[in-house]
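In the UniProt record's numbering, the protein residues as written are 1 to 335. Here a beta-carbon is modelled for each residue, glycine too, at the ideal position from N, C-alpha and C.
Right under this line is the structure:
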């Protein structure tokens, strides 16, 4: 059980900071360091799930997608395999396919023969990993114009002029929309609607509510790959803010919270410890947690309602035989 206590926090001015912390390199931008520091200093420590995805984190997530417990990837893939032609008919050829959180680009690439996009725009926070994937993909599909964007799209963005303005289709598979709270999801989707234009749309994967045991196992697998993925965030934070997290002092915790209809992932301190970084430090009690990720689960109707609030009208919905997962095509509602 998580320890509830007032955190022992010391915010240290740059002049007063200890010499060791000053010597540790911090590679994040000022905005990134401020965001991480604010989360670590909150009464209930937290970080954004986007910091799970450095180069190693991206590779570990690829491994998670191969696990027997992790149903979303294979279930969504079965929907694409069964209904890809229907999706292509609904979307039409020649779109600008904007792949959010593209990773290794494999999901979008599997649909290229059916969708036949005029332009492919993969977007991912892990820029180096993305560029490597796109370089290989361009060799396989030289007829498709490709524009890779290495950026954080979670807090909003404007597409550059290199992205065609006509027939923009945002591709957001894998139920990543679940990382946002429902209120945040509406705000995020409204941002996509603003970038989509009058003839744009959205093809999105949504994880549906199901048996709790299935959900818990998907985020806490027997091999411990998800745990390694979560713990790797600590190494990434060390790199970004010059922190001194010791990975072996923490453990992975994940569970379904039925009241909030979400999976929660945390990192839990195995012992009393102190973490320092550029500009601050904090004591953690044994059992105290850092909240690293949420994954909200929806009913079909609740997500349709959410899309409508954001300015999208549901065109088609496809699900697997167990109704565990849905892929939805939605069109921008005219202003």
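{"Query": "Quick test of your reading: residue 266 and residue 291, contact by CB under 8 Å. State the CB separation rounded to the nearest angstrom.", "Result": "5 Å"}
{"Query": "If you reduce the DSSP assignment to three classes, tell me which class residue 205 lands in.", "Result": "strand"}
{"Query": "Using alpha carbons as the reference points, say which of 94, 91, 88, 159 lies closest to residue 123.", "Result": "159"}
{"Query": "With DSSP as the reference, identify every bridge partner of residue 121, one or two as the case may be.", "Result": "98"}
{"Query": "By Cβ distance below 6 Å, which residues in the same chain neighbour residue 150 in space, the five residues on each side in sequence not counted?", "Result": "127, 130"}
{"Query": "Just tell me which of 163, 166, 165, 188 has its CA closest to the CA of residue 172.", "Result": "188"}
{"Query": "Can you pull the DSSP bridge partners for residue 295?", "Result": "263"}
{"Query": "Taking residue 125 as the reference, give the member of 226, 52, 30 with the closest Cα.", "Result": "52"}
{"Query": "If I measure Cβ to Cβ from residue 146 and keep anything under 8 Å in the same chain, skipping five residues before and after, which residues do I get?", "Result": "119, 120, 121, 122, 134, 137, 138"}
{"Query": "Give the secondary structure of residue 11 by DSSP, where H, G and I count as helix, E and B as strand, and everything else as coil.", "Result": "Confidence at residue 11 is low in this model, with a pLDDT of 43, below 50, so the placement of that residue should be treated as unreliable; the coordinate-derived value is given next. Three-state result, residue 11: strand."}
{"Query": "With DSSP as the reference, please indicate the residues paired to residue 330 in a beta bridge.", "Result": "202, 314"}
{"Query": "Measure the Cβ-Cβ separation of residue 355 and residue 111 and say whether it is below 8 Å.", "Result": "Summary: the structure shown does not reach residue 355, with the chain confined to residues 1 through 335, and so no result is reported for it."}
{"Query": "With which residues is residue 273 paired in a DSSP beta bridge?", "Result": "284"}
{"Query": "Would you tell me roughly how many angstroms separate the C-alpha atoms of residue 183 and residue 301, rounded to the nearest one?", "Result": "16 Å"}
{"Query": "Just checking, does the stretch 315-325 make contact with the stretch 205-220 on the three C-beta pairs under 8 Å criterion?", "Result": "yes"}
{"Query": "Pick from 155, 176, 66: whose alpha carbon is nearest that of residue 222?", "Result": "66"}
{"Query": "When DSSP labels each residue in this structure, what does residue 257 get in the three-state scheme?", "Result": "strand"}
{"Query": "Using DSSP bridges, identify the partner residues of residue 172.", "Result": "204"}
{"Query": "Hey, residue 28 and residue 231: beta-carbon distance below 8 Å or not?", "Result": "no"}
{"Query": "Which one or two residues does DSSP pair with residue 149 in a beta bridge?", "Result": "123"}
{"Query": "How many angstroms separate the CA atom of residue 235 from the CA atom of residue 42?", "Result": "20 Å"}
{"Query": "Under 7 Å Cβ to Cβ from residue 228, same chain only, skipping five residues before and after it: list those, please.", "Result": "60"}
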